[in-house]
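Enquirer: I have a structure I would like to understand better, so I am pasting it below and will then ask my questions one at a time.
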Amino acid sequence: MNAVKKTDITVIGVPLHYGADRKGVDLGPDAIRGANLHERLHALGYAVEDAGDLRVDRTLQPPAPGEKLKYLAEIARVNKELYAAVADHMGKGRFPLVLGGDHSIAIGTIKGVLSRVKRLGVIWFDAHTDVNTEATTASGNIHGMSLAAVLGYGHPDLVSIGGTDAKLRPENVVIIGARSVDPGERAFLKEKGVKVFTMHDIDKHGMKQVMEDAMAIVADGTDGVHLSLDLDSMDPGDAPGVGTPVTGGMSYRECHFAMELLYERQLLVSAEVVEVNPMLDHHNKTAVAAVELIGSAFGERIL
């Protein structure tokens, strides 16, 4: 399993907020870029190509009360474009670094990677588990359904992006940092056998052991690993600018250590960073943290 070469990063912005149904997260890509993302990667020896942002229709009317799949058509359309962009850049030998936007964009990112990587492992850092479907969701927000969709469960317009055969295997997926899980999600995770390291596990065993166990799972029989980093996996004290903060999350250093361990293992073939909401942030603190975590994932060290 080969890591990305130090010449091959393509940044793709996806200013989508409809999956969260909360404005502000659409400003995430520019906030992350503005926190010196490119300069940080250049300093690490990478040549960075920025593909700009995908187009998102910002004129949609609010969904009907009780809608179980809010803004489905636009979210599916944007994710289809993202799928094509990720597949295209990976086909050119480049590492896709996708900037969100809400976590519904993971559907297009992961489907695009699956078009190039036959068997993919995924490490999903998140306060939530994102395995709801329209049958279990309480909010109707599709950012809480994205992991279920790439596992092959949910509405056909989401599951079929990139082809119905392109899906993750539950045994190749690990969720880290979970602390807000819906009842329907608990049943889904147990039934499908997705490994979840909650905050209890991190408190009990420490980040080093959790990451060693997680990396063993996602690397077992796979051809590469995708990093899906939701900034709400961090404690709101360290990352206040997210749409769905949950207290008791991972500390700044725990997150950095996790990224550092990922780089040491040289597992990653793709990554996305999502749910940075500058409208809720304090002096761009969360976007800065996002860039610093990206730096650690790409090899930055204290000394």
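In this text, residue positions in the sequence shown follow the numbering used here: the first is 20, and each later residue adds one. For every residue, glycine included, the Cβ atom is placed at its ideal position computed from N, Cα and C. This one's a predicted model, so the numbers in the text were calculated from it and none came from an experiment.
How many Å lie between Asp300 and Glu93 at the Cα?
Expert: If I take the Cα positions, the gap works out to 26 Å.
Enquirer: Does DSSP classify Asp300 as helix, strand or coil?
Expert: Note: Asp300 maps to coil in three-state DSSP.
Enquirer: Could you tell me which uninterrupted beta strand (DSSP E) segments, each at least 3 residues in length, are contained entirely in the region 99-186, listed from first to last along the chain?
Expert: DSSP runs (the beta strand (DSSP E)) wholly in the region 99-186: 114-119, 140-144.
Enquirer: Apply the 10 Å Cβ neighbour rule to Pro202 and answer buried if 16 or more other Cβ atoms are within range, or exposed otherwise.
Expert: Exposed, since its Cβ has fewer than 16 Cβ neighbours within 10 Å.
Enquirer: Do you know how far the Cα of Leu322 is from the Cα of Gly32?
Expert: Each residue's alpha carbon lies about 31 Å from the other.
Enquirer: What runs of the beta strand (DSSP E), each 3 residues or longer, lie entirely inside the region 50-108?
Expert: The region 50-108 contains these whole beta strand (DSSP E) runs: 67-72.
Enquirer: Who are Glu291's beta bridge partners in DSSP?
Expert: Answer is Val117, Ser247.
Enquirer: Please determine, among Asn296, Glu291, Arg96, the residue with the shortest C-alpha to C-alpha distance to Ala50.
Expert: The residue with the shortest Cα to Cα distance from Ala50 is Asn296.
Enquirer: Should the region 265-273 be called in touch with the region 216-235, which here means at least 3 C-beta pairs below 8 Å?
Expert: In short, these stretches touch, since the Cβ pair count reaches three.
Enquirer: Could you have a look at Val44 and say whether DSSP puts it in helix, strand or coil?
Expert: DSSP places Val44 in helix when its eight states are reduced to three.
Enquirer: Go ahead and label Lys130 buried or exposed: buried means 16 or more other beta carbons lie within 10 angstroms of its beta carbon, across all protein chains shown.
Expert: Buried, since its Cβ has 16 or more Cβ neighbours within 10 Å.
Enquirer: Can you tell which of Met230, Ser289, Thr29, Ile195 has its C-alpha closest to the C-alpha of Asp251?
Expert: Nearest option by C-alpha distance: Ile195.
Enquirer: Closest to Glu291 by CA distance: which of Met278, Gly119, Gly314, Pro189 is it?
Expert: Checked all of Met278, Gly119, Gly314, Pro189; the closest Cα to Glu291 is Gly119.
Enquirer: Pick helix, strand or coil for Ala197, following the three-state DSSP scheme.
Expert: Residue state, collapsed to three classes: strand.
Enquirer: Helix or strand or just coil, what does DSSP make of Thr305?
Expert: If DSSP states are grouped into helix, strand and coil, Thr305 belongs with the helices.
Enquirer: On the three-state DSSP scale, how would you describe Val310?
Expert: Reduced to three states, the DSSP call for Val310 is helix.
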